[in-house]
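For what it's worth, the numbering used here labels the leading residue of the first sequence as 1093, then goes sequentially.
Beta carbons are placed, not taken as given, at the ideal position from N, Cα and C, and that holds for glycine.
These notes are about the structure you will find just below.
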Amino acid sequence: MLSRDLVDSLFPPDLPGPQHWERRYPPRGLPEGAEVTRFSPSPTGFLHIGGVYTAMIDKDIAHHSGGRYLVRVEDTDQARVTAGAAEQFAEAFGYFGIGPDKDHATGGYGPYTQSAREQVYLSYVRELLRQGKAYLDFETQQEAGERTARQRAAGALPGYYGQWAVWRDAPQQRVAEQLAAGRPYAVRFRSPGLAGRRVSFTDAIRGELTMEDNRNDAVILKRSDTRPRLPTYHFAHAVDDHLMRVTLVIRGEEWISSVPLHLQLFAALGFPPIRYAHIAPLMKQAGGSRRKLSKRHDPEASVSFYIAHGYPAPAVEYYLRGLANGRLAEMPLPQALAEPIRLSEMGTAGPLADLVKLDDICADYVATLSGRTILADVTAWARRYDPDLARVLDAEPDLALRALAIEREGVANPRKDLRKWADFRNVYGYFFPEFFQLVTDPADPRFGGLDPDLVRAVAAEFAGNYQPTAEDWFGQIRRLAAELGFAPSGKAYKQDPAAYPGSIVEASAVIRVLLTGARDSPGLPAVAAALGPGEVLRRVGALRLRVSLPGEDHRPHAVDGLGPGPGQQRLRGLRAVLAGLRNPCRDEPRDQRRGERRPAPPGHPIEVPPRAGVRRLGALVPPLRERVDQSLAGREDVHPRPVVAEPCPALPVGAEGAHADRPGIGGRPERAPR
RNA sequence: GGCCCCGUCGUCUAGAGGCCUAGGACGCCGCCCUCUCAAGGCGGUAACGCCGGUUCGAAUCCGGUCGGGGCUACCA
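And the structure:
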């Protein structure tokens, strides 16, 4: 045992003793049964979702018992502290509502950052040293490595104990020499553990646990050449949780094996033992087996994943609570959030984090929200993670609200098409002209291989007779489909596929694709109403007729697939197209970005204006290319390049709407798989 | 290697010796509804890791084994 003078010479003379801290952090005087819990993350990067899980349990237990919840930052390993971690923590705490109780954010039993508590730890280390319950260890890192190697070779337990603990009982003389030589030292705990002795404790979740006692003289204060002088986790845990008057330590099961050490530390320090609850870690399916969800390998392990995708916090919380207590998973969300979590009901096997299930919960949750609430949340999310979206939503809140109201407001089973805010752009983006890319190719695969000719016919027919406010809106499509020879129902088509080009399903798919860019969408009448007649006609009329001239551009075009020989009507259509080609005004394409007119450069597609007679362009002649060739023979004003005819069906003047000239940016991406 | 924790459908789980032919939820599959997709309705698929023991009787108790995870740091 070292002399008191020698021990004291190692510490600042004005360092207070343990009584000082005991007075400074007095017992709380909380009523019987009130639990004080703490969440203690280490600021080594983004918070782990398991941290949110633990913190949520901590907070819930504290509050439901009338106790207190605090957050203590465990940054005793300064080398691993990440810049910006504090900000990320703050964001995560705010998002998931797991910040410390108000009076435990500052002051009170703080500071709540371990690197700021050096004095406290030093007091207790000195005390242990004075009592001979700890000692100085001058082993270098290299020596430690060699020791471990020898232990391994000898088949002995690694660690600092027994014959391997060379500094445990070193005479004061030698210690003084080392000190005089300026050698750095660590402080080790003199473990009272005996070989063969077993200890047991009662875990609040697992019941009684028994294991070998600790015999390792664990380091409690890191090397003297580090600044600030900080303790290891074990020592900080004992000192902090005692002084902060924590009653229940909830932590990951990886700490179970350290409990014997912790119990020894509490006893040596003269602290009453503390209760523990070791929770199973969140796991991840990896191939055939499962492993702990790892922040390094699994993006979904990080809270940033949930925040950046805009998972609604209450849904995530609900999911996590259900994992903690199965009972809560079968309750409606508001009730489950209010019910207390019970440690005794927690599973001991690590649950697999199931993103599919989370999605399902999120969809259910979002379905309970009003369009207005969703818009507010999406907008708030977008401001940070999708500025383009935020801008568009700010510019057209009414459109957004109309879109969100579809099959959501005033229905018994709201549409469950949104799981997280990042889904919004995929699911509702097409409503916004800025995000919608017009479908111009009648041979577009989204039409499902339907004859391009027919696609054009459907579009033209629809646009030509469009009645936006028709009571039987869908009847318009039904009539047009019948007129063009589509089967009245999928069933009828299946019975005799040869008799029809397709069914009403295919016909409406044409309008659906034109309107939404996808083969699936909410009900067409509702979509059309939200869009407004001008936008509907703009989209339906976007289909182009492409013609290649000889020697040019042989990519497959709609024209290539035209059916059998010309009839009267088809020839009339052709003439109309050609008439359009001579329209001097339209021969000068508009510069889309500036809205200016300028002469068409050689090879520029020539637009064909809408003409009343071209309603049924879908019925154009098959050898169209040939006819065009003939008609253009000898003309010098038309360049032998692909000609693009755009048969906009008769539009009411001004019906093109305000967005007609806006370039589309980006199409409608595929929906995320469920 | 040593010590510790854990093991029921794909997933989360209910299950305290007979109420278990193992229940629910999510997923998945099928059907219905239907202009598509969701949603919804109906139905289906699917598990006690394995081997012994105790017992009239075992998912449940015991032993072993196998598998998964953790600790074995001057990381937390």
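Rounded Cβ spacing between residue i and residue j (contact assumed at less than 8 Å)
i	j	result
P1534	L1635	5 Å
V1351	T1129	The Cβ separation is near 17 Å, so there is no contact.
A1445	E1392	7 Å
P1593	G1577	6 Å
Which of helix, strand or coil DSSP assigns to residue i
i	result
I1153	helix
F1131	strand
M1148	helix
P1323	strand
Q1559	coil
A1257	coil
V1279	strand
Y1213	helix
L1301	strand
D1295	strand
I1342	strand
H1389	coil
Y1368	strand
T1318	coil
K1376	strand
Y1252	coil
I1312	strand
L1102	coil
Y1227	strand
S1394	strand
Beta-carbon proximity check, residue i vs residue j, cutoff 8 Å
i	j	result
I1596	S1394	no
Y1558	V1628	yes
C1454	Y1520	no
A1400	Y1477	yes
L1623	F1523	yes
V1144	R1218	no
A1439	A1372	A quick correction: the sequence has Gly, not Ala, at residue 1439. Yes, the pair counts as a contact, with Cβ atoms nearer than the cut-off.
A1208	V1279	no
L1415	P1432	no
E1499	R1507	yes
F1527	V1602	no
V1341	Y1368	yes
D1305	R1315	no
L1286	F1293	no
D1055	Y1252	Nothing about residue 1055 can be read from this structure; the chain reaches only from 1093 to 1766.
R1298	H1354	no
G1158	A1126	yes
Option in the options with minimal Cα separation from residue i
i	options	result
A1549	E1575, G1541, Y1161, Y1213	E1575
G1050	A1262, D1195, G1237, E1235	Here the chain comprises residues numbered 1093 to 1766, so residue 1050 is not present and cannot be evaluated.
R1321	I1342, P1276, L1271	P1276
T1471	Y1457, E1488, T1460	E1488
P1406	D1469, L1361, H1370	D1469
G1615	G1285, P1580, D1564, Q1356	D1564
G1109	R1222, R1570, T1136, Y1161	R1222
A1328	E1166, T1318, Y1398	E1166
Y1201	V1331, F1578, Y1253	V1331
A1296	R1116, L1447, L1435	L1435
L1496	R1289, P1424, I1466	I1466
R1138	P1119, R1120, M1093, F1185	According to the sequence shown, residue 1138 is Phe rather than Arg. When each option's Cα is compared against that of F1138, the closest is F1185.
D1106	V1144, D1317, L1214	L1214
P1537	L1491, D1490, A1182, L1606	L1606
W1256	R1096, A1273, T1302, D1229	D1229
S1283	V1311, H1112, T1460	V1311
V1258	R1239, A1272, L1249	R1239
R1260	F1281, A1268, I1342, F1397	F1281
Q1206	D1169, D1193, D1588	D1169
L1485	L1335, F1516, P1424	F1516
H1326	S1095, G1626, F1358	F1358
D1333	R1242, G1299, S1132, A1482	S1132
L1542	A1482, E1183, R1611	R1611
### Continuous beta strand (DSSP E) assignments of at least 3 residues falling wholly in the segment 1155 to 1195
Listed in chain order, the complete beta strand (DSSP E) runs (minimum 3 residues) inside the segment 1155 to 1195 are 1160 to 1163.
### Task
Give, in chain order, every unbroken run of the alpha helix (DSSP H) that is at least 4 residues long and sits entirely within the segment 1565 to 1607.
Here the runs fully enclosed are 1565 to 1575, 1582 to 1587.
### Message
Could you tell me which whole alpha helix (DSSP H) segments of length 4 or greater appear in the segment 1396 to 1427?
### Response
Counting whole runs of 4 or more residues, the segment 1396 to 1427 contains the alpha helix (DSSP H) stretches 1405 to 1416, 1418 to 1421.
### Query
Can you give, in chain order, each stretch of the alpha helix (DSSP H) that sits fully within the segment 1420 to 1479 and has at least 4 residues?
Counting only runs of 4+ residues, the alpha helix (DSSP H) found wholly inside the segment 1420 to 1479 occupies 1425 to 1430, 1447 to 1458, 1463 to 1477, in chain order.
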